[in-house]
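Q: In this text, residue positions in the sequence shown follow the working numbering: the first is 236, and each later residue adds one.
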Amino acid sequence: MIARIALLFFQFGLLVGPAVAMQLEADPRVIISFMDKSLPPEQDILRVTSDVTSDNHLVFQVQTKGERVDGESNDYVMLHIQHEKAYALIIPLNREANEAVRIYEAALEPDSQLTAITFKESPLSSQYAGFSATRIDRGTKFTMPLDWINFGASFGFDAYTVEAAIYADTLQINAVYDQARRGRAQPRQISAITLLNNICSPKK
Numbered sequence: 236m237i238a239r240i241a242l243l244f245f246q247f248g249l250l251v252g253p254a255v256a257m258q259l260e261a262d263p264r265v266i267i268s269f270m271d272k273s274l275p276p277e278q279d280i281l282r283v284t285s286d287v288t289s290d291n292h293l294v295f296q297v298q299t300k301g302e303r304v305d306g307e308s309n310d311y312v313m314l315h316i317q318h319e320k321a322y323a324l325i326i327p328l329n330r331e332a333n334e335a336v337r338i339y340e341a342a343l344e345p346d347s348q349l350t351a352i353t354f355k356e357s358p359l360s361s362q363y364a365g366f367s368a369t370r371i372d373r374g375t376k377f378t379m380p381l382d383w384i385n386f387g388a389s390f391g392f393d394a395y396t397v398e399a400a401i402y403a404d405t406l407q408i409n410a411v412y413d414q415a416r417r418g419r420a421q422p423r424q425i426s427a428i429t430l431l432n433n434i435c436s437p438k439k
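1) Whether or not the segment 400-417 and the segment 363-375 are in contact is what I'm after, with contact meaning three or more pairs of Cβ atoms, one per stretch, closer than 8 Å; do they touch?
2) If we ignore side chains and look at the alpha-carbon of each, how far apart do residue 279 and residue 300 end up?
3) Looking only at its own chain, which residues have a Cβ that is under 6 Å from the Cβ of residue 310, when we skip the five neighbours before and after it?
4) Can residue 273 and residue 281 be called in contact, C-beta distance under 8 Å?
5) Cβ atoms of residue 296 and residue 371: under 8 Å apart, would you say?
6) For residue 434, which residues of its own chain have a beta-carbon under 7 Å away from its beta-carbon, when the five flanking residues on both sides are left out?
7) Going by C-alpha distance, which of 388, 407 and 396 is nearest residue 429?
8) How far does the alpha helix (DSSP H) with residue 427 in it extend, from its first residue to its last?
9) What would DSSP say about residue 350, mapped onto helix, strand or coil?
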């Protein structure tokens, strides 16, 4: 009898688990990442959330399991934006590193591995005011102006912790520690206006 009840709970879990995951992935505002116990806490991404501020900025918060004061200087938190081009917004993983956000761009190649892309320094921060990255408790907040966004184009986002090298105006990703969407199929791209409408709708 006990074995039969256990089997029923197991079968129910198989049904509920995918349904919950589908509900999480159906919300384009949020990425819930799988915990990876093999990674140091500061490299393990837990979630990415998006929001719009009252002063017309789009905000992404990348939350990690822990944080690091110092360590390898080539480790970064990276917000990857796919919006007409591929953009990499990076800030050092070490919290004591007092650096502003750096923005790089490349041609949009959705099927390319991140380590195969050569990013070049982007002129976005000089063309638009309001790009920034700030430390939050166990994470990083990336901010960008809504003026930059082409609402008729598709928009996608992801977050990574990476080991990277910077050569003059070039960013090269050498290794990926964690990816927010790791283990999931590449999500269908949606229009920027659809994403914004979802962000501005009441949170359930």
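A virtual CB, placed ideally from N, CA and C, is assigned to each residue, including glycine. In this text the structure is predicted, and so the values were computed from the model without any measurement.
A: By the coordinates alone:
1) no
2) The residue given as residue 279 occupies position 44 in the sequence shown. The residue given as residue 300 occupies position 65 in the sequence shown. Approximately 6 Å, taken between the alpha carbons.
3) Here the question's residue 310 lines up with position 75 in the sequence shown. 328 and 398.
4) Within the sequence shown, numbered from 1, the residue matching residue 273 stands at position 38. Within the sequence shown, numbered from 1, the residue matching residue 281 stands at position 46. Contact: no.
5) If you number the sequence shown from 1, residue 371 lands on position 136. If you number the sequence shown from 1, residue 296 lands on position 61. The answer is yes: Cβ separation under 8 Å.
6) In the sequence shown, residue 434 corresponds to position 199, counting from 1. Same-chain partners within the cutoff: 264, 285, 286 and 287.
7) Within the sequence shown, numbered from 1, the residue matching residue 429 stands at position 194. Here the closest residue by C-alpha is 388.
8) Indexing the sequence shown from 1 puts residue 427 at position 192. Looking at the DSSP string, the run of the alpha helix (DSSP H) that includes residue 427 is 427-435.
9) Residue mapping note: residue 350 aligns to position 115 of the sequence shown, counting from 1. Reduced to three states, the DSSP call for residue 350 is helix.
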